[in-house]
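Okay, so the sequence shown: first residue is 2 according to the working numbering, each after it adds one. I have placed the structure first, in the form of C-alpha cells, so that the comments after it can refer back to it.
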Amino acid sequence: MSMLNNEDRSMDSPKRTESTDIQSDSQKVKKELNTFFLGVQQTSKVTRKYIDTRTHGIQLYYQEFTPQFVDAQVIIVHGFGEHSGNYKQLTDCFLLNNFKVHLYDQRGFGFSGGIRSKATIQEMHMDLETVLDQIDKSVPLFIFCHALGAAIVISFCLMNPQFEIQGLICSSAQFRVPPRYGKMKMFTLQMMAKICPDLQVNTYHNLSFASKNNHHIRKLATDRLIHPYMSVQFALNVLLFQQYILPNANQFKIPILILHGKQDKVASHLDSVDFYMQIQSKEKTIKIFEQGFHEMHNDSEWPKMKTLITQWCQNMIKKDVKMNYLKEYNHGVVVQQYRSKIRLLISILLIIIRKKITCLNVSTKVSILIFMELLLRMFTSQ
C-alpha cells in the first residue's frame, strides 16, 4: 500500500526509464493524486515527521526510507531554492542498493519552518547535526549533497576535522559567487547584510539552466515549493563559503566522489576541479560530464551518474573506513584571512578622510562619516 501524503503532490519527479512494478493500489493513488511515486519507495518502510532544531523553535521536515535489507545509509542534502522532493530518482537508486535514505528540507525551504531563504551557516550546520542525531550510527554513512548543499556539508566537515564518515558524494558543488556578480555588488551585499539581512531579492534563476529535460523544467516552474528569492543574509553565506572552503580545502580528508557538468551555468565545474586538486583525501574521484547541466540527477546524465554512484559506494563499503561522530560539533565558518588587512586599511582611510573633508558642507561630512563608520563596523564585526 502506498504511503503517499497529499504533500507529495508538489514533489513529483520525472518517470524512470526502467520498468517499475506498480501495484494496483499504487495506481489508484497515482490517479487520485496525479503523481508518480517510485515503486521501491512504495514498498519501503517510510517515516515522515517534523524534527526539532536547536534554534528559534523551528522544525525540519524529515523523511526516512528503509529497504528490507540495510547495508548502508545516506543523508541527502539539497541546494538553494529547492527541497528534498527533487531527489526521488536518487532515493530510488539508493533504496535499490539497500541504502537507508534520510532526507530533510533545510530551514526556510520546502515544508520546513523558518523565514524563507534566511539562515546563517551556523544554523544550517546545526540542522545537519540534528539530522545526524536521527541516524543509526552503527551503519556505514554516506552523505549526498548538491550545489549549496555541498558547500554546507563540506564546510561542516572542515570545521570538524575529527568527523569521519564512509564517503561524501558532491554534485554540482557551488563554492564561489557566480562571476556575473562583480566586486561592487559583493561590496553592496556585505553592507546590506548589516543593515537589512531579511531583505528578499529575486535571484532571477533561469530554470533552463537546471536540466535539458523539458518535463523536469515544467515541474520546477509549477512547483509551489521552489523558492527563487534569496535573503541578503543567505547571499552573504555564499560569499563566506567562497572565502572559507577553497582556501582551506587542503584540510579535507574524507573519501569523496565529485560530480559536475561542464555546461553548468549555476556553479562552475572548474571550482570542483580546484577543490579536487587541493584536498588530502586518500580516496577521491572526480567525474566531469561534458554535456551536464546543474541538475544531472534529473537529466540525461542520470543513468551514467547512477552507475558511477552505485559502484563507488559499493567499493567504499568494502573498504575499512573508520567512522567517527563527535559529542559536540563546531558550527559556522571562521573567515579571518583578509579581515585584519582590510580593517587596517579602512581605519587609515577613515582617519585621512576625517582630515580632508573640512571644506565640505555639514550634511556631506555626516554622510561620508556615517558611510565609513558603517564600512569599518562591517569588517570588524562577526
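Here a beta-carbon is modelled for each residue, glycine too, at the ideal position from N, C-alpha and C.
Straight across, the Cα-Cα distance linking Val335 with Lys254 is about 19 Å. With a 10 Å radius around the Cβ and a threshold of 16 neighbouring Cβ atoms, Phe143 comes out buried.
In this structure Ser209 is exposed. Its beta-carbon is surrounded by fewer than 16 other beta-carbon atoms within 10 angstroms. A residue is called buried once 16 or more other Cβ atoms fall within 10 Å of its Cβ, and Cys146 is buried on that count. Looking at the DSSP output, Asp53 shares a beta bridge with Gln60. Assignment of beta-bridge partners to Gly168 by DSSP yields Phe143.
Take Arg49, set aside five residues on each side of it, and the residues of its chain with a beta-carbon closer than 6 Å to its own are Gln64, in chain order. In the structure shown, Thr204 adopts coil according to DSSP, grouped into three states. Asp106 sits close to His84, with the two beta carbons spaced by under 8 Å.
Shown here for Asn203: same chain residues with a beta carbon closer than 7 Å to its own, the five before and five after excluded, namely Pro229 and Tyr230 in chain order. Between the stretch 159 to 173 and the stretch 308 to 317 there are three or more C-beta pairs closer than 8 Å, enough to call the two in contact.
Counting only residues of its own chain and dropping the five nearest sequence neighbours on each side, Met306 has a CB closer than 7 Å to the CB of Leu260, Met297 and His298. Residue pairing of Ser85 in beta bridges, as defined by DSSP: absent, with no partner found.
Per DSSP, reduced to three states, the secondary structure at His332 is coil, with no helix or strand assignment.
When the beta-carbon positions are compared, Ile52 and Gln135 come within less than 8 Å of each other.
Between Ser173 and Ala152, the gap from beta carbon to beta carbon reaches 8 Å or more. Non-local beta-carbon contacts of Ile289 in its own chain, meaning distances under 6 Å to residues more than five positions away in sequence, involve His261, Lys263 and His270 in chain order. For Gln252, the CB contacts under 8 Å within the same chain, skipping 5 residues up- and downstream, are Leu159, Pro162 and Gln281 in chain order. Asp300 and Pro248 have their alpha carbons spaced roughly 32 Å apart. DSSP places Ala152 within a helical segment (H, G or I) once states are collapsed to three.
Nearest in C-alpha terms to Leu309, of all of Phe294, Glu291 and Thr286, is Thr286. As DSSP reads the structure, Lys285 sits in a beta bridge with Ile257. Scanning its chain for C-beta atoms nearer than 7 Å, with the 5 sequence neighbours on each side dropped, one finds around Ser45 the residues Phe66, Thr67, Pro68 and Leu96, in chain order. By alpha-carbon distance to Leu129, the top candidate from Ala211, Pro256, Ala250 and Val75 is Val75. Comparing C-alpha distances from Phe81 to each of Cys197, Ala211, Phe100 and Lys101 shows the shortest one belongs to Ala211. Our two residues, Gly58 and Ser364, have alpha carbons roughly 45 Å apart in a direct line. Gly293 and Asp265 have their C-alpha atoms spaced approximately 6 Å apart.
When the beta-carbon positions are compared, Val132 and Met193 stay at least 8 Å from each other. In the displayed model, Tyr277 falls within a helix according to three-state DSSP.
Per DSSP, the unbroken beta strand (DSSP E) holding Met231 starts and ends at Tyr230 to Ser232. Residues Tyr51, Ile52, Asp53, Thr54, Ser113 and Gly114 of the same chain have their beta carbon placed closer than 8 Å to that of Gln60, with the five preceding and five following residues left out of the count.
One Cα belongs to Lys319, the other to Pro141, and the distance between them is close to 10 Å. In the DSSP assignment, Gln123 falls within the alpha helix (DSSP H) that extends over Ile122 to Leu133.
Annotated three-state conformation of Phe157 is helix, per DSSP. When DSSP states are grouped into helix, strand and coil, Leu104 belongs to the strand group.
By the CB criterion at 8 Å, Phe235 and Lys323 fall outside the cutoff.
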